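Engineer:
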Amino acid sequence: MNEPILTDQPTFERALEALVDLDPRLVPLVAEAGRPTLRRRAPGFSGLAAIVVAQQLSVAAARSITARLEARLGGTIAADALLAASDDDLRAAGLSAPKIRTLRGIAGALAAGTVDLSHVDAMEADAAGAYLTRLPGIGLWSADIYLLFCLGRGDAFPVGDLALKVAAGEALGLPGRCSDLGLFAIAEDWRPLRGVAAHLLWAYYGARRARLGAPA
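First residue of the sequence shown? That's 24 in our numbering, and the numbers climb one at a time after it.
Laid out in structure tokens, this is it:
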């Protein structure tokens, strides 16, 4: 099976069916969480910028800052507009000084050709993730989130994601949350649908916390 490109919800649904056929241990997760909604964001600099904004923030806070940043930059987060904006404007949108430096660094690196985002589509998921980490402030988690949400790469898997590690530990009856290496090893069984499994694990994590009355 080749890695699917998750272009829309019906494509995701078919990939989910293939995933649970591949690993029947995931059937109870679908029963508890339902069928997850495919998450997609715009590709390119605007998608990368939204991911940087969201680092270490709640979903609500990240959305608010992203909306204010878009308004400050004329409706979309474009690299040239961000480079032309003053630090005062970017701070007024809610960006911290480190995130301003990171976003300016990414915009500059893309302009200089340090990374060419058009090359990423042809790369295998793990190689594409490693390539994206050439960008300032983009680690493996951010790279995999970009591949999954912005490009719909069905095998991208942010192995360091805390919610995924907790959900996998709970779903598979482990004594605690998975380590990065443990989750990576488990996810090998899900290739080339690891990104579909990530969506399911996130949905399962949220459903369990809602049922238990715990914060997500």
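Heads up, the beta-carbon is just placed ideally off N, CA and C, and yes, glycines get one too.
In this text, all values refer to a predicted model and were calculated from it rather than measured experimentally.
1) Would you list the residues sitting across from R176 in a DSSP beta bridge?
2) So, helix, strand or coil for A101, using DSSP?
3) Any contact of the segment 225-234 with the segment 199-214, i.e. 3+ C-beta pairs under 8 Å?
4) Nearest by alpha-carbon distance to T125: which of A107, G160, G218 is it?
5) Counting along the chain, where does the alpha helix (DSSP H) carrying P51 start and finish?
6) My guess is that H222 and R62 are in contact by the Cβ rule of under 8 Å, so how many angstroms apart are they, rounded?
7) With H, G and I counted as helix, E and B as strand and the rest as coil, what does DSSP make of T156?
8) Is it buried or exposed, D199, if we count other Cβ atoms within 10 angstroms and call 16 or more buried?
9) Quick check on DSSP: helix, strand or coil for T60?
10) In the structure shown, what three-state DSSP assignment does P47 receive?
11) Between the Cα of V182 and the Cα atoms of G192, P27, C173, which residue gives the shortest distance?
12) Out of L170, S202, L185, which has the shortest C-alpha to C-alpha gap to R64?
13) Enumerate in chain order the residues of its own chain whose CB-to-CB distance from V189 is below 7 Å, with the five nearest sequence positions on each side excluded.
14) With DSSP as the reference, label I263 as helix, strand or coil.
15) Whole angstroms is fine: what's the gap from A85's alpha carbon to A73's?
16) Based on Cα-Cα distance, which residue from G236, D46, D144, L140 lies nearest to L29?
17) Measure the beta-carbon distance from A135 to L158 and round it to whole angstroms, keeping in mind my assumption that it falls under 8 Å.
18) Thinking C-beta only, is L118 closer than 8 Å to G67?
19) Pick helix, strand or coil for A65, following the three-state DSSP scheme.
Structural biologist: Reading it off the structure:
1) Note: R176 sits in a beta bridge opposite I28.
2) Under the three-state reduction of DSSP output, A101 falls in the coil class, being neither helix nor strand.
3) Counting C-beta pairs closer than 8 Å gives fewer than three between the segment 225-234 and the segment 199-214, which falls short of the contact rule.
4) The shortest C-alpha separation from T125 is found at G160.
5) First-last of the alpha helix (DSSP H) with P51: 50-56.
6) Sure, about 7 Å apart at Cβ, within 8 Å.
7) The three-state secondary structure of T156, taken from DSSP, is coil.
8) The question names Asp, but residue 199 in the sequence shown is Gly. It is exposed - the Cβ of G199 has fewer than 16 other Cβ atoms within 10 Å.
9) Coil.
10) Here P47 sits in helix by DSSP.
11) Among G192, P27, C173, the Cα nearest to that of V182 is on G192.
12) If we check each option's Cα against that of R64, L170 comes out closest.
13) Closer than 7 Å at the Cβ level, and outside the excluded window around V189, lie R200, Y228.
14) Nothing can be reported for residue 263: it is not among the residues displayed for the chain, which extend from 24 to 239.
15) C-alpha separation (whole angstroms): 8 Å.
16) The shortest C-alpha separation from L29 is found at D144.
17) Cβ-Cβ separation between A135 and L158: approximately 11 Å, too far for a contact (criterion under 8 Å).
18) The answer is no: Cβ separation not under 8 Å.
19) Of the three classes helix, strand and coil, the one that applies to A65 here is coil, per DSSP.
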